[in-house]
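Chains as they are written, first to last, in the UniProt record's numbering: chain A, 1 to 460; chain B, 1 to 507. C-beta atoms are modelled at their ideal positions from N, C-alpha and C, and glycine is treated no differently. These numbers come from a predicted model, not from an experiment. Working notes for the structure below.
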Amino acid sequence: MAAFGIATGGGNWFSALALGVTLLKCLLIPTYHSTDFEVHRNWLAITHSLPISQWYYEATSEWTLDYPPFFAWFEYALSHVAKYFDQEMLNVRNLNYSSPRTLLFQRFSVIFTDALFVYAVHECCKCIDGKKAGKELTEKPKFILSVLLLWNFGLLIVDHIHFQYNGFLSGLMLLSIARFFQKRHMEGAFLFAVLLHFKHIYLYIAPAYGVYLLRSYCFTANKPDGSIRWNSFSFVRLISLGLIVFLVSAVSLGPFLALNQLPQVFSRLFPFKRGLCHAYWAPNFWALYSALDKVLSVIGLELKLLDPNKIPKASMTSGLVQQFQHTVLPSVTPLATFICTLIAVLPSVFCLWFKPQGPRGFLRCLILCALSSFMFGWHVHEKAILLAVLPMSLLSVGKAVDASIFLILTTTGHYSLFPLLFTAAEKKNLFLIGWKLSTFLAWDLWKSSVNLYSLSPPGT
Amino acid sequence: MEKWYLMTAAVLLGLTVRWTVSLNSYSGAGKPPMFGDYEAQRHWQEITFNLPIKQWYFNSSDNNLQYWGLDYPPLTAYHSFLCAYVAKFINPDWIALHTSRGYESQAHKLFMRATVLIADLLIYIPAVVLYCCCLKEVSTKKKIASALCILLYPGLILIDYGHFQYNSVSLGFALWGVLGVSYDWDLLGSLAFCLAINYKQMELYHSLPFFCFLLGKCFKKGLKGKGLVLLIKLTCTVVASFVLCWLPFFTEREQTLQVLRRLFPVDRGLFEDKVANIWCSFSVFLKIRDILPHHIQIMISFCFTFLSLLPACIKLTLHPSPKGFRFTLVSCALSFFLFSFQVHEKSILLVSLPVCLVLSEIPFMSTWFLLVSTFSMLPLLLKDELLMPSVVTVMAFFIACATSFSIFEKTSEEELQLKCFSTSVRKYFTCFTFLPKIIQHLFLMSVIAMILLTMMTVTLDPPQKLPDLFSVLVCFVSCLHFLFFLVYFNIIIMWDSKNGRSQKKIN
Numbered sequence: 001m002a003a004f005g006i007a008t009g010g011g012n013w014f015s016a017l018a019l020g021v022t023l024l025k026c027l028l029i030p031t032y033h034s035t036d037f038e039v040h041r042n043w044l045a046i047t048h049s050l051p052i053s054q055w056y057y058e059a060t061s062e063w064t065l066d067y068p069p070f071f072a073w074f075e076y077a078l079s080h081v082a083k084y085f086d087q088e089m090l091n092v093r094n095l096n097y098s099s100p101r102t103l104l105f106q107r108f109s110v111i112f113t114d115a116l117f118v119y120a121v122h123e124c125c126k127c128i129d130g131k132k133a134g135k136e137l138t139e140k141p142k143f144i145l146s147v148l149l150l151w152n153f154g155l156l157i158v159d160h161i162h163f164q165y166n167g168f169l170s171g172l173m174l175l176s177i178a179r180f181f182q183k184r185h186m187e188g189a190f191l192f193a194v195l196l197h198f199k200h201i202y203l204y205i206a207p208a209y210g211v212y213l214l215r216s217y218c219f220t221a222n223k224p225d226g227s228i229r230w231n232s233f234s235f236v237r238l239i240s241l242g243l244i245v246f247l248v249s250a251v252s253l254g255p256f257l258a259l260n261q262l263p264q265v266f267s268r269l270f271p272f273k274r275g276l277c278h279a280y281w282a283p284n285f286w287a288l289y290s291a292l293d294k295v296l297s298v299i300g301l302e303l304k305l306l307d308p309n310k311i312p313k314a315s316m317t318s319g320l321v322q323q324f325q326h327t328v329l330p331s332v333t334p335l336a337t338f339i340c341t342l343i344a345v346l347p348s349v350f351c352l353w354f355k356p357q358g359p360r361g362f363l364r365c366l367i368l369c370a371l372s373s374f375m376f377g378w379h380v381h382e383k384a385i386l387l388a389v390l391p392m393s394l395l396s397v398g399k400a401v402d403a404s405i406f407l408i409l410t411t412t413g414h415y416s417l418f419p420l421l422f423t424a425a426e427k428k429n430l431f432l433i434g435w436k437l438s439t440f441l442a443w444d445l446w447k448s449s450v451n452l453y454s455l456s457p458p459g460t
Numbered sequence: 001m002e003k004w005y006l007m008t009a010a011v012l013l014g015l016t017v018r019w020t021v022s023l024n025s026y027s028g029a030g031k032p033p034m035f036g037d038y039e040a041q042r043h044w045q046e047i048t049f050n051l052p053i054k055q056w057y058f059n060s061s062d063n064n065l066q067y068w069g070l071d072y073p074p075l076t077a078y079h080s081f082l083c084a085y086v087a088k089f090i091n092p093d094w095i096a097l098h099t100s101r102g103y104e105s106q107a108h109k110l111f112m113r114a115t116v117l118i119a120d121l122l123i124y125i126p127a128v129v130l131y132c133c134c135l136k137e138v139s140t141k142k143k144i145a146s147a148l149c150i151l152l153y154p155g156l157i158l159i160d161y162g163h164f165q166y167n168s169v170s171l172g173f174a175l176w177g178v179l180g181v182s183y184d185w186d187l188l189g190s191l192a193f194c195l196a197i198n199y200k201q202m203e204l205y206h207s208l209p210f211f212c213f214l215l216g217k218c219f220k221k222g223l224k225g226k227g228l229v230l231l232i233k234l235t236c237t238v239v240a241s242f243v244l245c246w247l248p249f250f251t252e253r254e255q256t257l258q259v260l261r262r263l264f265p266v267d268r269g270l271f272e273d274k275v276a277n278i279w280c281s282f283s284v285f286l287k288i289r290d291i292l293p294h295h296i297q298i299m300i301s302f303c304f305t306f307l308s309l310l311p312a313c314i315k316l317t318l319h320p321s322p323k324g325f326r327f328t329l330v331s332c333a334l335s336f337f338l339f340s341f342q343v344h345e346k347s348i349l350l351v352s353l354p355v356c357l358v359l360s361e362i363p364f365m366s367t368w369f370l371l372v373s374t375f376s377m378l379p380l381l382l383k384d385e386l387l388m389p390s391v392v393t394v395m396a397f398f399i400a401c402a403t404s405f406s407i408f409e410k411t412s413e414e415e416l417q418l419k420c421f422s423t424s425v426r427k428y429f430t431c432f433t434f435l436p437k438i439i440q441h442l443f444l445m446s447v448i449a450m451i452l453l454t455m456m457t458v459t460l461d462p463p464q465k466l467p468d469l470f471s472v473l474v475c476f477v478s479c480l481h482f483l484f485f486l487v488y489f490n491i492i493i494m495w496d497s498k499n500g501r502s503q504k505k506i507n
């Protein structure tokens with residue numbers, strides 16, 4: 001009884017938070033799910049019933065496999081559990097199959113794999129310095145961070161309603177960041193390499209990793225003024241990093257290289273034919289650009305400056321995924337977006353190289369890379385904002401300035417995820433509540449952290 | 001209060017849980033011809049909107065009382081009328097006379113769930129928040145924790161947002177009544193409680209403690225002076241509120257009688273279906289329903305009920321105190337539940353509300369009781385396909401209570417409020433020191449039994465000769481628990497006198 005008492009006593013708030021949010025996820029099982037549900041069911045079917053050589057060629061369903069091989073192996077592993085729930089879901093021809101047991105299995109698989117996310121949050125909390133904290137539990141940075149990450153409403157909406165597997169992927173990302181904070185760089189690099197082969201969207205933040213590892217890990221020491229000490233370069237470290245990346249990539253892409261399928265795999269992973277903006281616009285620069293183009297074309301038509309016959313019929317706002325030409329402003333090519341992204345990323349990467357500030361500087365650069373890629377990338381999903389929001393939570397418990405930026409980022413980021421809940425008002429109501437809860441929490445935690453850190457001088 | 005934002009977060013969490021539970025199935029979903037409570041509420045909207053008031057409670061060609069006839073007091077009817085009025089603007093098909101029978105659609109479900117949420121938001125939730133904010137000698141953290149735990153109580157959420165009912169309205173009004181009367185706003189408190197009774201007649205389970213407490217207050221103030229004035233004012237308030245609610249039905253004697261006949265169906269029998277009270281459990285051994293004549297059954301039920309609640313009520317009249325009032329509410333409602341006539345399993349909510357109110361005083365026993373109360377409704381919840389939300393909300397409630405109140409560390413005699421009782425017993429049996437240990441072991445056994453029974457009910461099929469085996473087992477086990485709690489709460493009430501008196505002497 002005493003042991004049980006200790007386990008559930010007031011001291012173990014982390015378990016309570018983790019268990020609590022898991023229970024909330026179970027309550028979200030009957031909510032609306034998007035086509036992503038069918039996407040993953042299809043991938044379960046493909047990986048289970050077809051040989052590897054067919055995985056990236058199978059096209060019975062429109063939702064073809066477009067994640068890197070490790071994710072395919074993950075679906076393969078899941079499919080072996082799935083067969084005990086409902087064998088029918090593993091049939092490639094069963095398009096849009098969603099029996100109650102399929103739904104249960106899929107939802108539980110997301111909830112279950114979130115265990116990695118919980119572990120990663122636990123590790124991140126260890127990296128937070130809580131000595132300046134007040135005695136109140138709600139003012140402890142560790143508590144605040146745990147709430148911000150475990151109860152992140154964007155993640156709840158995207159993973160447990162809309163349906164995706166971002167939980168354990170974000171867990172991998174946060175774990176690699178935590179390892180960098182704990183000075184376990186090789187592990188961090190390994191985790192990131194693995195992550196890249198799960199979901200290549202994390203290429204957005206690869207520049208931060210690359211530059212940081214090169215500058216702060218391969219160069220083992222700095223000059224007193226902080227600039228680079230060229231003779232401290234460690235070839236051993238560089239080689240070992242390269243080896244890690246090479247080995248991980250070999251395990252992932254090796255089988256497809258042997259089958260001569262690499263071009264096919266890459267064409268699936270990077271479908272540039274899909275168009276500048278996704279079906280639901282991500283609130284990025286190109287959305288504004290396209291909106292401006294639309295406004296100008298309407299004005300132009302009104303003022304009879306444009307010939308109506310020359311205007312292309314397809315509309316960017318039609319909710320479809322396709323290529324599109326702009327009417328007034330110059331059309332945007334993938335190369336153009338790449339250059340814009342590069343230019344946006346450059347300042348933070350330069351800072352990371354020339355003025356390294358340890359893991360905290362790396363984290364900032366990572367967030368900026370994620371945001372820049374979100375802003376200027378090609379075919380960005382609005383879910384990609386989570387790549388910036390989650391690491392930002394880590395920073396926000398450190399400084400008041402970061403906390404206020406975080407408040408804006410998280411509010412607008414979560415608000416921009418609302419169109420994902422394409423269903424009756426009942427769900428929108430629910431998420432209004434959830435959004436209010438998250439903004440409330442963020443506000444409360446910002447206020448506590450401002451109180452906490454108002455004593456520390458600015459700029460630290 | 002400081003940390004208002006944490007209280008808001010607790011409320012929002014409660015609302016989120018309510019809404020997610022409401023996404024599940026409801027009573028009688030897709031089960032013609034009778035459907036369930038959901039259809040009953042929709043039907044009442046249809047009746048109250050389309051028929052004149054005089055016909056609401058009467059059998060007619062337009063109003064077939066066999067098909068979910070109105071059997072709640074007028075306030076429920078007015079509420080249904082209001083909802084129907086809103087429904088007319090959205091989709092008149094929902095409440096069209098005769099043709100809307102058995103109407104089911106996603107939009108309609110959304111509307112009905114929304115009506116429950118709005119009623120909850122307007123009446124019950126503010127009462128809970130106010131109650132917790134006004135708790136005395138309790139830290140802010142505990143106030144917020146109390147609010148969170150009360151709002152997460154699974155029984156009410158599952159019945160109101162799952163099965164589909166409007167218990168939060170009557171319980172909310174009752175809670176406003178408790179608030180008013182505890183903080184000396186007696187007239188407003190009694191008005192609120194009268195509204196509660198006029199919404200659901202089951203609130204009469206709470207009426208005796210209210211009566212005794214207010215009477216006690218009048219006696220304390222002196223029946224020759226202020227006390228009499230208060231008594232008169234209270235009587236006038238009660239009479240006025242009843243008259244106001246029943247006004248349309250007071251025009252003819254036949255109207256009033258018919259409503260009363262619908263509210264108190266005395267010819268229906270000692271109990272219906274499976275309920276965790278004495279008569280149903282006793283009938284496992286001896287079929288009283290069949291053996292004894294009807295009027296004897298009523299007499300026995302009456303006697304047992306009043307005998308079991310009399311000590312606590314007398315004590316409350318003689319020594320009125322808010323704490324005594326709360327505990328008497330519990331024991332009175334529990335006595336009624338266990339021994340009264342025609343009790344339904346949902347009536348346990350009438351006991352759960354007062355227990356929620358004493359959550360901060362005896363967290364361990366309250367949590368235990370609230371878990372058992374939800375468990376006792378298991379057969380009903382399973383019938384409505386609410387297994388997953390039930391399990392999840394029960395676990396969430398348990399975790400919330402366990403972490404907020406550290407309940408497992410609060411099992412000493414002092415914390416169980418059994419110190420006086422134990423001291424008295426030790427005068428005769430000096431070795432009576434093992435009470436906390438016994439209670440801890442009982443709790444463990446109880447939880448194991450509940451989990452086992454739940455698993456058995458869900459996974460196994462009952463034997464052919466005993467098709468109701470699991471329901472009866474659940475009722476029987478719950479009944480044993482409730483008897484135990486009845487004894488416990490009565491002990492607290494009766495042995496509180498010495499504490500109260502000695503404290504007065506010190507002060």
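Contact with chain B is found for C26 of chain A, since one of that chain's Cβ atoms lies less than 8 Å from the residue's Cβ.
With a contact defined as Cβ atoms closer than 8 Å, P74 of chain B and C236 of chain B miss out at about 20 Å. Annotation for P379 of chain B: K274, S471, V474 place their beta carbon closer than 7 Å to its own, counting only its chain and skipping 5 residues before and after. Counting C-beta pairs closer than 8 Å gives three or more between the segment 41–61 of chain A and the segment 248–261 of chain A, which meets the contact rule. For I399 of chain B, a Cβ of chain A is located within less than 8 Å of the residue's own Cβ. Neighbourhood of L23 of chain B in chain A, by CB distance below 7 Å: P30, T31, in chain order. Straight-line measurement puts the Cα of F108 of chain A at about 15 Å from the Cα of F117 of chain A. Cα atoms of S335 of chain B and S352 of chain B: separation of roughly 13 Å, rounded to the nearest angstrom. The C-beta separation of F164 of chain B from N198 of chain B comes to about 21 Å, leaving the pair out of contact by the 8 Å criterion. Against chain B, a Cβ distance below 7 Å from L23 of chain A picks out V392, M395, A396. Within chain B, the residues K3, L6, K141 have their CB atoms less than 9 Å from the CB of T138 of chain A, given in chain order. The C-beta distance from F282 of chain B to I288 of chain B rounds to 6 Å, short enough to fall under 8 Å.
For T115 of chain B, the enclosing alpha helix (DSSP H) stretches over residues 106–119. Secondary structure of I47 of chain B (DSSP, three-state): helix. For W55 of chain A, none of the residues of chain B pass the 9 Å Cβ criterion, the least Cβ distance being about 34 Å.
Comparing alpha carbon positions, the residue from B:I493, B:W94, B:S100, B:K54 closest to T317 of chain B is B:I493.
Using a Cβ-Cβ cut-off of 8 Å, A16 of chain A counts as an interface residue toward chain B, since at least one Cβ of chain B sits closer than that to its own.
Membership of R229 of chain A in any alpha helix (DSSP H) is not indicated, and neither H nor E is assigned to it by DSSP.
Of the residues A:C340, A:Q357, A:L288, the one whose Cα lies closest to the Cα of H326 of chain A is A:L288.
Taking CB atoms only, W13 of chain A has a neighbour in chain B less than 8 Å away. Look at V332 of chain A here: in three-state DSSP terms it is coil, with no helix or strand label. Per DSSP, the beta-bridge partners of F271 of chain B are B:V343. Within the segment 154–179 of chain A, no residue places its CB atom closer than 8 Å to a CB of chain B. Annotation for Q255 of chain B: F249 place their beta carbon closer than 6 Å to its own, counting only its chain and skipping 5 residues before and after.
Assignment of beta-bridge partners to N222 of chain A by DSSP yields A:I228. Close CB contacts of R253 of chain B within its chain, under the 7 Å cut and outside five residues either way in sequence, are absent. Under the three-state reduction of DSSP output, V380 of chain A falls in the strand class.
For G20 of chain A, the residues of chain B that pass the 8 Å Cβ criterion are A396, I399, A400, in the order they occur in the chain.
About 14 Å separates the beta carbon of S168 of chain B from that of A114 of chain B, a gap too long to meet the 8 Å contact definition. Distance check between F375 of chain B and each of B:C133, B:F398, B:K200 places B:F398 closest, using alpha-carbon atoms only.
For N91 of chain B, the three-state secondary structure derived from DSSP is coil. Taking K427 of chain B as the centre and dropping the five residues before and after it, the same chain places no C-beta closer than 6 Å to its C-beta.
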